[in-house]
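Read the structure below first, then the notes.
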Amino acid sequence: MNLRTPTALGLSLLMISQAHAKPPADMQAKLNAWAKGEAGGVAAAWVDADGPVFFQLGTYDAADTRPVTPDTNFEVGSISKVFTALLLAESERLGKASRNDPAAKYLIPADDPSQASLSKITLLSLTTHTSGLPRLPRNMGPKPDAMPDPYASYDRAMLVEALKVHGATADVGQRASYSNFGAAVLGEALAAAWGTTYAEALTEHVLGPLGMKQTSIGVAGQPPPDDLAPGHAGGKRVANWTFQAFAPAGAIRSSARDMAIFLAAALGGRDAPLHASFVATEVPLMPFEEAGGHIGLGWMLTGDADNPIAWHNGATAGSHSFIAFSLKARTGIVILANFQKGPEGLGTELLGFTLPKPAVPSVSNASEYVGSYPLTPAFVIQVSEEKGAVFIQATGQPRLGLRPTKGDAFAIIGVQAEITFERDGAGKVVGLVLHQNGVEQHALRGALPPAPKQADLPIETLRQYVGNYALMPSFIIAISEEGGALFAQATGQGKAPIFASAKDEFFYTVVKAEISFQRDASGKVTGLTLHQAGQNMPAPRMP
95 MNLRTPTALG LSLLMISQAH AKPPADMQAK LNAWAKGEAG GVAAAWVDAD
145 GPVFFQLGTY DAADTRPVTP DTNFEVGSIS KVFTALLLAE SERLGKASRN
195 DPAAKYLIPA DDPSQASLSK ITLLSLTTHT SGLPRLPRNM GPKPDAMPDP
245 YASYDRAMLV EALKVHGATA DVGQRASYSN FGAAVLGEAL AAAWGTTYAE
295 ALTEHVLGPL GMKQTSIGVA GQPPPDDLAP GHAGGKRVAN WTFQAFAPAG
345 AIRSSARDMA IFLAAALGGR DAPLHASFVA TEVPLMPFEE AGGHIGLGWM
395 LTGDADNPIA WHNGATAGSH SFIAFSLKAR TGIVILANFQ KGPEGLGTEL
445 LGFTLPKPAV PSVSNASEYV GSYPLTPAFV IQVSEEKGAV FIQATGQPRL
495 GLRPTKGDAF AIIGVQAEIT FERDGAGKVV GLVLHQNGVE QHALRGALPP
545 APKQADLPIE TLRQYVGNYA LMPSFIIAIS EEGGALFAQA TGQGKAPIFA
595 SAKDEFFYTV VKAEISFQRD ASGKVTGLTL HQAGQNMPAP RMP
């Protein structure tokens with residue numbers, strides 16, 4: 095079904111302003127050109143000292159022809175992190191929490207032995223993305239981004255479990271690396287400090303004082319607002335996302351009118367609501383090289399002294415958003431769209447600035463990494479070198495620079511992911527590991543090794559493996575037998591066939607992974623080990 099609405103893109107401009115704000119004269123025309131041919135619609139606001147002006151075009155959907163207005167709700171995605179950071183600043187102002195407090199102080203009992211190993215993960219490190227936590231935790235599963243509603247069932251207990259696992263070895267404070275996981279921990283810690291839920295804490299201490307009555311949090315199990323625009327991807331309607339513990343990272347739904355209120359408060363003087371807390375969020379705290387500037391409490395901050403800009407973007411499965419304001423000119427813009435097209439370029443152009451492109455630093459041994467690294471026969475990472483700088487390009491994707499972090503580890507510039515190169519005993523680079531979405535994917539240098547040959551096992555042997563195996567309390571691999579074939583299904587994922595290469599040894603064909611089953615002295619199957627992405631992950635059999 096093609097949900098394009100080109101005829102709706104010519105809707106007339108609706109201006110609702112308290113005074114005579116001065117947006118760019120061609121703002122509506124540029125919005126029309128940017129959104130041409132896309133499903134859904136756009137709502138935008140320009141805010142300056144004279145008030146807001148609103149722009150919009152399109153309809154909710156081909157099947158829902160209500161015109162988009164300043165009051166239409168959109169998913170704002172990761173712009174939610176700015177609200178969570180503002181909650182931190184306001185909680186600190188009110189004496190409820192300190193940015194230097196460990197998150198574990200609020201999420202884990204004081205007598206829990208993990209408190210010591212987690213003490214360096216402070217609320218400040220979480221909001222500046224310097225906690226060392228991955229973008230997503232491992233117990234979300236290998237491919238959470240492929241799930242239609244990936245955060246709906248992930249609760250605080252699972253978040254705390256993952257914090258204990260990842261936090262114990264996190265490289266805290268070394269550099270900024272974007273983490274949805276970290277933002278979720280921050281928001282849940284603040285909620286615990288207030289003794290309530292994140293949605294209730296944000297509503298009482300941020301949304302209420304600002305007067306943002308059209309803004310809500312997309313909590314799983316609660317009906318969406320009637321005026322929430324459906325998302326679109328590839329021209330087709332997709333489901334809106336819902337959240338539990340990850341709400342602080344991306345659950346907010348808002349309108350252009352309410353986001354204009356938010357911008358006005360950010361740009362306002364001492365009499366503006368939450369003024370002191372807004373000011374606290376706008377101070378550069380850490381370099382953020384992947385974003386080409388610095389980071390404050392939540393905000394990305396450009397380093398241009400003549401025109402310093404605070405900005406953030408957001409995305410869900412079917413929506414995109416962008417917000418930015420000039421700290422010097424005191425002007426701001428927000429763009430909300432319910433289709434998959436990033437408005438960052440348009441927003442920066444209208445506000446009159448350019449997001450800086452971070453430099454790709456050179457390394458002395460860049461040539462050692464050059465080569466092909468296939469993750470699958472159809473998906474290969476090509477590593478190249480140019481004037482000492484290292485670049486990667488995956489099949490069907492643009493070329494990206496690598497920034498060295500430590501030894502053979504590199505951050506991928508512009509993407510929330512890392513690459514670690516692996517060496518053999520002679521010191522030669524023989525493979526790499528892609529760290530992304532809380533998952534590690536291993537790729538050997540050169541051609542892929544041949545797939546294991548399939549072995550036939552008696553049905554009686556196959557049935558010995560049937561059962562549930564716990565990688566973590568909240569992440570189970572279920573093994574089943576159907577029609578003489580064995581299947582594996584991990585929590586929150588689809589069922590996949592596995593094939594025997596020998597007794598107790600199995601391999602996947604849909605992903606690069608193997609499973610080895612373990613037996614006790616009597617021959618009973620007692621557990622399995624999942625071999626994937628260079629890791630060997632044991633899972634005991636559950637009773």
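For what it's worth, this note's numbering labels the leading residue of the sequence shown as 95, then goes sequentially.
Note that the Cβ used here is the ideal one computed from N, Cα and C, for glycine as well.
DSSP, reduced to helix, strand and coil, places Ile-475 within a strand of the structure shown. Annotation for Leu-253: the continuous alpha helix (DSSP H) segment containing it runs 250-261. In this structure Asn-459 is exposed. Its beta-carbon is surrounded by fewer than 16 other beta-carbon atoms within 10 angstroms. Ser-466 is classed as exposed because its beta carbon has fewer than 16 other beta carbons within 10 Å across all chains shown. Excluding its 5 nearest sequence neighbours in each direction, Ala-246 has C-beta neighbours in its own chain below 6 Å: Ala-314, Thr-336, listed in chain order. Contact check for Val-141 against Ala-354 passes: the beta carbons are separated by less than 8 Å.
Between Ala-549 and Leu-494, the alpha-carbon positions lie close to 42 Å from each other.
The C-beta of Asp-144 has fewer than 16 other C-beta atoms within 10 Å across all chains shown, which makes the residue exposed. About 6 Å separates the beta carbons of Asp-165 and Arg-351, which is inside the 8 Å limit, making them a contact pair.
For Asn-233, the secondary structure class from DSSP, reduced to helix, strand or coil, is helix. Of the residues Leu-391, Ala-418, Ile-429, Gly-588, the one whose Cα lies closest to the Cα of Thr-448 is Ala-418.
When DSSP states are grouped into helix, strand and coil, Asp-352 belongs to the helix group. Ser-174 is not a Cβ neighbour of Pro-324, given a cutoff of 8 Å. In terms of Cβ geometry, Leu-280 and Leu-421 do not form a close pair [threshold 8 Å]. Within the DSSP bridge table, the entry for Pro-228 names no partner. For Ser-574, no alpha helix (DSSP H) run applies; the uninterrupted beta strand (DSSP E) run containing it begins and ends at 569-576, by DSSP. Assignment of Lys-606 by DSSP, reduced to helix, strand and coil, places it in the coil class.
Between the region 372-389 and the region 179-197, the count of C-beta pairs closer than 8 Å reaches three or more; the two stretches touch. Within 10 angstroms of the beta-carbon of Arg-517 lie fewer than 16 other beta-carbons, which makes it exposed. Counting only runs that start and end inside the region 148-235, the alpha helix (DSSP H) elements of at least 4 residues fall at 174-187, 198-201, 208-211, 217-221. A direct Cα-Cα distance of roughly 18 Å separates His-406 from Phe-433.
The residues Ile-355, Phe-356, Ala-359, Pro-367, Leu-368, in chain order, have a CB closer than 8 Å to that of Leu-304 in the same chain once the five nearest residues on each side in sequence are set aside. Within the model, the alpha-carbon separation for Val-454 versus Leu-125 is close to 32 Å. Shortest Cα-Cα distance from Leu-212 to any of Asp-195, His-223, Gly-617 involves Asp-195.
Met-241 places its beta carbon 8 Å or farther from that of Ser-568.
In this chain, the alpha helix (DSSP H) harbouring Val-279 covers 274-288. Secondary structure remark: continuous beta strand (DSSP E) runs of at least 3 residues inside the region 495-569, in chain order: 503-506, 511-517, 523-530, 533-538, 561-566. Rounded to whole angstroms, the gap between the alpha carbons of Phe-504 and Gly-617 is 45 Å.
The beta carbon of Ala-278 is closer than 7 Å to those of Leu-253, Ala-339, Phe-340, Pro-342, Ala-343 in its chain, skipping five residues each way along the sequence. The beta carbon of Gln-209 lies closer than 7 Å to those of Ala-198, Ile-202 in the same chain, with the five residues before and after it left out. Among the bridge pairs identified by DSSP, Asp-142 is matched with Gly-145.
By the CB criterion at 8 Å, Glu-169 and Ser-461 fall outside the cutoff. Of all alpha-carbon atoms in Thr-499, Arg-160, Tyr-463, Gln-268, the one lying nearest the alpha-carbon of Asp-320 is that of Arg-160. Nearest in C-alpha terms to Thr-489, of all of Phe-473, Ala-483, Lys-481, Thr-499, is Phe-473.
Around the beta carbon of Ala-127, fewer than 16 other beta carbons sit within 10 angstroms, so the residue counts as exposed.
Spanning the alpha carbons of Ile-573 and Ile-389 requires a straight line of approximately 45 Å.
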